[in-house]
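K.L.:
Pasting in a structure now, in structure tokens, and then I'll have a few things to ask.
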Amino acid sequence: MDFGSINIVVLMVASTPILLAALGEMVTEKSGVLNLGVEGMMITGAVCGFIAAVETGSPTLGFLAAALGGATLSMLFGLLTQVFLATQVPAGLALTLVGTGLASLLGQNYQGRTPPRVPDLDIPVLEAIPVLGPILFRHDAIVYLSLLSVIAVWAFLKFTRAGLILRAVGENHAAAHALGYKVKAVRLAAIGFGGAMAGLGGAYISLVRVPQWTDGITAGIGWIALAIVVFASWRAGRVLIGAYLFGGITVLQLNLQAAGARVPVELLSMSPFLATILVLVVISARRHGATNAPAMLGRVFHAS
Amino acid sequence: MKRRTLLTAAAASALALGAALPAFAQDPVKVGFIYVGPRNDGGWSQHHHESAMEMKEHFGDAVELVEQESVPEGPDAERVMTQMALSGADIIFTTSFGYMDATINVAEKFPDVKFEHATGYKTAENVGVYSARFYEGRAVEGFLAGHMTESDKIGYIGSFPIPEVIRGINASYLHAKKVNPEVEMSVIWLNTWFDPAKEADATQALIDNGVDVVLQHTDSTAPQITAQKAGNVYTFGQAADMAEFAPMPRISSIIDEWAPYYIERVQAVIDGTWESDNTWAGIGDGMVGIGEISSAVPEDIKAEAEALRDSIADGSYHPFTGPINKQDGSAWLAEGEVADDATLVGMNFYIEGLTGEIPQ
Numbered sequence: 001m002d003f004g005s006i007n008i009v010v011l012m013v014a015s016t017p018i019l020l021a022a023l024g025e026m027v028t029e030k031s032g033v034l035n036l037g038v039e040g041m042m043i044t045g046a047v048c049g050f051i052a053a054v055e056t057g058s059p060t061l062g063f064l065a066a067a068l069g070g071a072t073l074s075m076l077f078g079l080l081t082q083v084f085l086a087t088q089v090p091a092g093l094a095l096t097l098v099g100t101g102l103a104s105l106l107g108q109n110y111q112g113r114t115p116p117r118v119p120d121l122d123i124p125v126l127e128a129i130p131v132l133g134p135i136l137f138r139h140d141a142i143v144y145l146s147l148l149s150v151i152a153v154w155a156f157l158k159f160t161r162a163g164l165i166l167r168a169v170g171e172n173h174a175a176a177h178a179l180g181y182k183v184k185a186v187r188l189a190a191i192g193f194g195g196a197m198a199g200l201g202g203a204y205i206s207l208v209r210v211p212q213w214t215d216g217i218t219a220g221i222g223w224i225a226l227a228i229v230v231f232a233s234w235r236a237g238r239v240l241i242g243a244y245l246f247g248g249i250t251v252l253q254l255n256l257q258a259a260g261a262r263v264p265v266e267l268l269s270m271s272p273f274l275a276t277i278l279v280l281v282v283i284s285a286r287r288h289g290a291t292n293a294p295a296m297l298g299r300v301f302h303a304s
Numbered sequence: 001m002k003r004r005t006l007l008t009a010a011a012a013s014a015l016a017l018g019a020a021l022p023a024f025a026q027d028p029v030k031v032g033f034i035y036v037g038p039r040n041d042g043g044w045s046q047h048h049h050e051s052a053m054e055m056k057e058h059f060g061d062a063v064e065l066v067e068q069e070s071v072p073e074g075p076d077a078e079r080v081m082t083q084m085a086l087s088g089a090d091i092i093f094t095t096s097f098g099y100m101d102a103t104i105n106v107a108e109k110f111p112d113v114k115f116e117h118a119t120g121y122k123t124a125e126n127v128g129v130y131s132a133r134f135y136e137g138r139a140v141e142g143f144l145a146g147h148m149t150e151s152d153k154i155g156y157i158g159s160f161p162i163p164e165v166i167r168g169i170n171a172s173y174l175h176a177k178k179v180n181p182e183v184e185m186s187v188i189w190l191n192t193w194f195d196p197a198k199e200a201d202a203t204q205a206l207i208d209n210g211v212d213v214v215l216q217h218t219d220s221t222a223p224q225i226t227a228q229k230a231g232n233v234y235t236f237g238q239a240a241d242m243a244e245f246a247p248m249p250r251i252s253s254i255i256d257e258w259a260p261y262y263i264e265r266v267q268a269v270i271d272g273t274w275e276s277d278n279t280w281a282g283i284g285d286g287m288v289g290i291g292e293i294s295s296a297v298p299e300d301i302k303a304e305a306e307a308l309r310d311s312i313a314d315g316s317y318h319p320f321t322g323p324i325n326k327q328d329g330s331a332w333l334a335e336g337e338v339a340d341d342a343t344l345v346g347m348n349f350y351i352e353g354l355t356g357e358i359p360q
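Protein sequences, first through last, are from chains A and B.
Residues 1 to 304 in the UniProt record's numbering are what the first sequence spells out, letter by letter.
Residues 1 to 360 in the UniProt record's numbering are what the second sequence spells out, letter by letter.
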């Protein structure tokens, strides 16, 4: 078997949805909002993207519709938690239920349809490099977009004034409010961004990874993305590592089975989770691990 | 206080009257179906659903159909069945292997409700089981797989390590091996009936390992789409024809034909002749169908495959005919000996030549 080029391509395909959704959720959580509705936003994005791509024949419009769909659904959560001051945990769980049901309803007539193929974007010159070329430079645009967003999110949070405000809101909303920042506006923007990214991740499943529409197509990937954020202790770079680790081991265990490795199947099946838990433990054991959470995470802000 | 008692009594008698009234009219028979996946999964559950619809069409207003989809195999299944029985279902079809114990448990509590469990082996006074001899169809698939593979590597996506699935693996491997002694088969276990993303990943993993024919015992069409992308990989339709993927990559299929059985059993309920039974029917009885063999298969091989299908149908050939050894080399069937149903029903071993282990 070829452990080199081919498997890494599959690894990236399996990891990209997790990466996109986790990155969006990280930004949301950095603003102090815990949105557990990632799974619901993902599957809504998956169905919106699928419908748009099938109807227009354009994958690009599909991904745009997915981002829009995810963001729109997340605004429901924003309305509940920021305007009506609902508790975030149940509101997020409700969002998952609403999203799953809504996606099922919207997708009724799209079973068995085939979406337009998302083209691979072969980067000229670079793709011709032996070994590295096929691994790194022959993917669809969304894979590159997801990698670029890791850098963009990191740079945004670290270097920009807007990023600083967002972090300030997440660390101490009362102080940010006293300084004149619009806490709710910032949080709504962060929630919307999280929704759009989750939507993109969902559409990547329904348009590239599978690609078809069936009920329950995200199959819990949104929950994994949530866990990856904690795993990454709210750092963009580590979100990338976490997503690729999980996706990679998921794919690797199937490859090991196909190659006839003499390892019990049960052990292989749980290996992605085992590895994630293991790294989580190692990170948490270090000094700054779990304490890195935004201080206002999940707390309701009420301007007095 | 008195008035309230009066009201309660009035309400109670109205209820009793309401309950008694329909007995005067010809009551439609209420038929319930429980599916493990969404009823439009493109495979197993969809085919049960479509057969149920055919049954409903056959009876018209004489039957009331209730369906519940995407019911997980576990405590939820028992809850759903109980709910259905309480809501007045006369007969409930539970269409997944994992519902077996739940069906038996609920049936005990509702002796007047008939239960029909698909692909299980536990029966009771009011629980019948039915299944198809899928392995007959899988023998034909294996025959085609052995002929069509160029890399001599074929792959099989297994769901749960239960006899039904293991039989399919053995039957297809045996017949691939017969026509192509060089053939090797890789099995990937997914522990799910339906998870398109996982099925797509598993198909890709098989393809990465050089496999160019993929058989599946999971319910979605994700493997077909993955194979389509790869370009030179063959697959088979599972449970439904999946004709939208023909002639490439889907080169044939096994189809479950449940509708005639459903019509027969519901008729028995209407007639009051229903009795618990154990049905295990194959190609010959029309419960297993072989879909169109596509133009990607050469004519002569297509003809041979059809001959194999027909010989299984008329009973002149049994897919498990000796000599066959078990994986560890010990003898299972002697020359010319045919496997008995008891062994097949509980089959928990690979036959000789298959690598890997069955998860226990």
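Glycine included, each C-beta is placed from N, C-alpha and C at the ideal position.
Fair warning: this is a prediction, and the values are worked out from it, not measured in the lab.
1. Tell me whether A/S149 sits in a helix, a strand or coil according to DSSP, three-state version.
2. Over what stretch of residues does the alpha helix (DSSP H) that includes B/T279 continue unbroken?
3. Please identify the residue among A/W234, A/T214, A/V279 and A/G62 whose C-alpha is closest to the C-alpha of A/W154.
4. At 8 Å on the CB atoms, spell out the chain A contacts of B/N209, in chain order.
5. In chain order, what residues of the same chain have a beta carbon less than 7 Å from the beta carbon of B/W189, not counting five sequence neighbours either side?
6. Looking at chain B, is there any beta carbon in it that lies within less than 7 Å of the beta carbon of A/E25?
7. Whose CA, out of B/V29, B/S51, B/G88 and B/A85, lies closest to the CA of B/D61?
8. Which residues bound the alpha helix (DSSP H) around A/A175?
9. Just to confirm the assignment, what range does the alpha helix (DSSP H) spanning A/Y204 have?
10. Under the rule that 16 or more other beta-carbon atoms within 10 Å means buried, what is B/R167, buried or exposed?
11. Please say whether B/G37 and B/D219 have beta carbons closer to each other than 7 Å?
12. Does the segment 24–31 of chain A come into contact with the segment 160–176 of chain A, if we say contact requires no fewer than three beta-carbon pairs (one atom in each stretch) closer than 8 Å?
13. Can you tell me whether A/L240 is buried or exposed? The criterion is at least 16 other CB atoms within 10 Å of its CB, across all chains shown.
14. Consider the C-beta atom of A/L179 and the heavy atoms of the ligand SAM; say whether any pair is separated by less than 6 Å.
15. Please return the same chain residues whose Cβ sits closer than 7 Å to the Cβ of B/P323, not counting the five positions on each side in sequence.
16. Which word fits A/A303, buried or exposed, when buried means at least 16 other C-beta atoms lie within 10 angstroms of its C-beta?
17. Which whole-angstrom value is the C-beta distance of B/V113 and B/I92, which I expect to be below 8 Å?
18. Give a yes or no on contact between the segment 224–234 of chain A and the segment 113–124 of chain A, applying the rule of three or more CB pairs nearer than 8 Å.
19. By how many angstroms is the C-alpha of A/I142 removed from the C-alpha of A/G49?
20. Mind checking the segment 163–186 of chain B against chain A and listing, in chain order, the residues whose C-beta falls within less than 8 Å of any C-beta there?
21. If you compare alpha carbons, which of B/G346, B/H217, B/E141 and B/E116 is closest to B/L308?
22. So does the segment 249–267 of chain A actually touch the segment 30–37 of chain A, counting three or more Cβ pairs closer than 8 Å?
23. Can you check which of these residues, B/D341, B/A139, B/A222 and B/E292, is closest to A/T114 by C-alpha distance?
24. Check each candidate in A/L268, A/A14, A/P17 and A/V89 and name the one with the smallest Cα separation from A/G298.
25. Say whether chain B places a C-beta atom closer than 7 Å to the C-beta of A/D122.
26. Alpha carbons only, please: which of A/M270, A/T250 and A/S15 is nearest the one belonging to A/H139?
27. Quick one: what's got a C-beta closer than 8 Å to A/I43's C-beta in the same chain, skipping five residues either side?
28. CA-CA distance, B/A313 and B/A281?
29. Residues in the same chain with beta-carbon distance under 6 Å from A/L157, minus the five sequence neighbours each way, listed in chain order, please.
30. Using a Cβ-Cβ distance under 7 Å, would A/D215 count as near chain B?
31. Look at B/A303 and B/I251 and say whether their C-beta atoms are less than 7 Å apart.
32. Straight-line CA distance for B/W274 to B/P196?
33. Can you list the residues of chain A that B/G155 reaches, using a CB-CB cut of under 7 Å?
34. Taking all protein chains shown into account, do 16 or more other C-beta atoms lie within 10 angstroms of the C-beta of A/F84, making it buried, or fewer, making it exposed?
35. Give the residues of chain A in contact with B/L222, contact being defined as C-beta atoms less than 8 Å apart.
36. For B/E184 and B/K153, which I take to be in contact (beta-carbon distance under 8 Å), what is that distance rounded to the nearest angstrom?
P.N.:
In terms of the structure at hand:
1. In the first sequence, residue 149 of chain A corresponds to position 149, counting from 1. Helix.
2. Counting from one through the second sequence, the residue named residue 279 of chain B turns up at place 279. Note, B/T279: premise wrong, no alpha helix (DSSP H); beta strand (DSSP E) at N278 to A281.
3. Sequence index remark: in the first sequence, residue 154 of chain A carries index 154 (1-based). Distances from the alpha-carbon of A/W154 to those of A/W234, A/T214, A/V279 and A/G62 put A/W234 closest.
4. By one-based count along the second sequence, residue 209 of chain B stands at place 209. One finds M1, N255, A258 and A259 in chain A with Cβ atoms closer than 8 Å to the Cβ of B/N209, taken in chain order.
5. On the second sequence, position 189 is the one that residue 189 of chain B refers to. Result list for B/W189: G158, P161 and P359, in chain order.
6. Sequence index remark: in the first sequence, residue 25 of chain A carries index 25 (1-based). With 7 Å as the cut-off, A/E25 does not count as an interface residue toward chain B.
7. Along the second sequence, one-based indexing puts residue 61 of chain B at 61. For B/D61, the nearest C-alpha among the options comes from B/V29.
8. One-based indexing of the first sequence puts residue 175 of chain A at position 175. Secondary structure note for A/A175: its alpha helix (DSSP H) is the uninterrupted segment H173 to A178.
9. For the purposes of this step, residue 204 of chain A is identified with residue 204 of the first sequence, where counting begins at 1. Where A/Y204 is concerned, the enclosing alpha helix (DSSP H) stretches over V183 to Y204.
10. Numbered from its first residue, the second sequence carries residue 167 of chain B at position 167. Here B/R167 is buried, its C-beta having at least 16 other C-beta atoms within 10 Å.
11. As a first step, residue 219 of chain B must be located in the second sequence, where it is residue number 219. As a first step, residue 37 of chain B must be located in the second sequence, where it is residue number 37. Yes. Within cutoff.
12. Yes, they touch.
13. Position 240 of the first sequence holds residue 240 of chain A. In this structure A/L240 is buried. Its beta-carbon is surrounded by 16 or more other beta-carbon atoms within 10 angstroms.
14. Ligands are entirely absent from the displayed structure, and the ligand SAM is therefore not among its contents.
15. Your numbering for residue 323 of chain B matches position 323 in the second sequence. Short of 7 Å from the beta carbon of B/P323, and not among the five residues preceding or following it, lie these beta carbons of its own chain, in chain order: L333, A334 and E335.
16. Sequence index remark: in the first sequence, residue 303 of chain A carries index 303 (1-based). When all chains shown are included, A/A303 counts as exposed.
17. Position 113 of the second sequence, counted from the start, is the residue given in the question as residue 113 of chain B. Position 92 of the second sequence, counted from the start, is the residue given in the question as residue 92 of chain B. Right, their Cβ atoms sit about 6 Å apart.
18. Between the segment 224–234 of chain A and the segment 113–124 of chain A, the count of Cβ pairs shorter than 8 Å is below three; the stretches do not touch.
19. As a first step, residue 49 of chain A is located in the first sequence; it is residue number 49 there, counting from the start. As a first step, residue 142 of chain A is located in the first sequence; it is residue number 142 there, counting from the start. Spanning the two alpha carbons is a distance of roughly 13 Å.
20. Residues S186.
21. Numbered from its first residue, the second sequence carries residue 308 of chain B at position 308. Closest by alpha carbon: B/E141.
22. Too few Cβ pairs lie closer than 8 Å, so no.
23. As a first step, residue 114 of chain A is located in the first sequence; it is residue number 114 there, counting from the start. Nearest to A/T114 by C-alpha distance, out of B/D341, B/A139, B/A222 and B/E292, is B/A222.
24. One-based indexing of the first sequence puts residue 298 of chain A at position 298. The shortest Cα separation from A/G298 among A/L268, A/A14, A/P17 and A/V89 belongs to A/V89.
25. Position 122 of the first sequence, counting from 1, holds the residue named residue 122 of chain A. By this cut-off, A/D122 is not an interface position.
26. Position 139 of the first sequence, counting from 1, holds the residue named residue 139 of chain A. Measuring C-alpha to C-alpha distances from A/H139 to each of A/M270, A/T250 and A/S15 identifies A/S15 as the nearest.
27. Indexing the first sequence from 1 puts residue 43 of chain A at position 43. Around A/I43: G99, T100, A103, G202, G216, I217, T218 and G222.
28. Sequence index remark: in the second sequence, residue 313 of chain B carries index 313 (1-based). Sequence index remark: in the second sequence, residue 281 of chain B carries index 281 (1-based). Distance between the alpha carbons of B/A313 and B/A281 is about 10 Å.
29. To locate residue 157 of chain A, count along the first sequence from 1; it is residue 157. Cβ neighbours of A/L157 beyond the five flanking positions: G163.
30. Taking the first sequence and counting its residues from 1, the one referred to as residue 215 of chain A is at position 215. When Cβ-Cβ separations below 7 Å define contact, A/D215 makes contact with chain B.
31. By 1-based counting over the second sequence, the position of residue 303 of chain B is 303. By 1-based counting over the second sequence, the position of residue 251 of chain B is 251. With contacts defined as CB atoms closer than 7 Å, B/A303 and B/I251 fail to qualify as a contacting pair.
32. Residue 274 of chain B sits at position 274 when you count from the first residue of the second sequence. Residue 196 of chain B sits at position 196 when you count from the first residue of the second sequence. Near 38 Å, if we compare the C-alpha coordinates of B/P196 and B/W274.
33. Translated into positions along the second sequence, residue 155 of chain B becomes position 155. Per Cβ cutoff of 7 Å: A258.
34. The count along the first sequence starts at 1 and reaches residue 84 of chain A at position 84. Exposed, because fewer than 16 other Cβ atoms sit within 10 Å of the Cβ of A/F84.
35. Stepping through the second sequence from its first residue, residue 222 of chain B is reached at position 222. The sequence given here has Ala at residue 222 of chain B, not Leu. In chain order: V210 and Q212.
36. Translated into the one-based positions of the second sequence, residue 184 of chain B becomes position 184. Translated into the one-based positions of the second sequence, residue 153 of chain B becomes position 153. Contact between B/E184 and B/K153 holds: CB atoms are separated by about 5 Å, below the 8 Å threshold.
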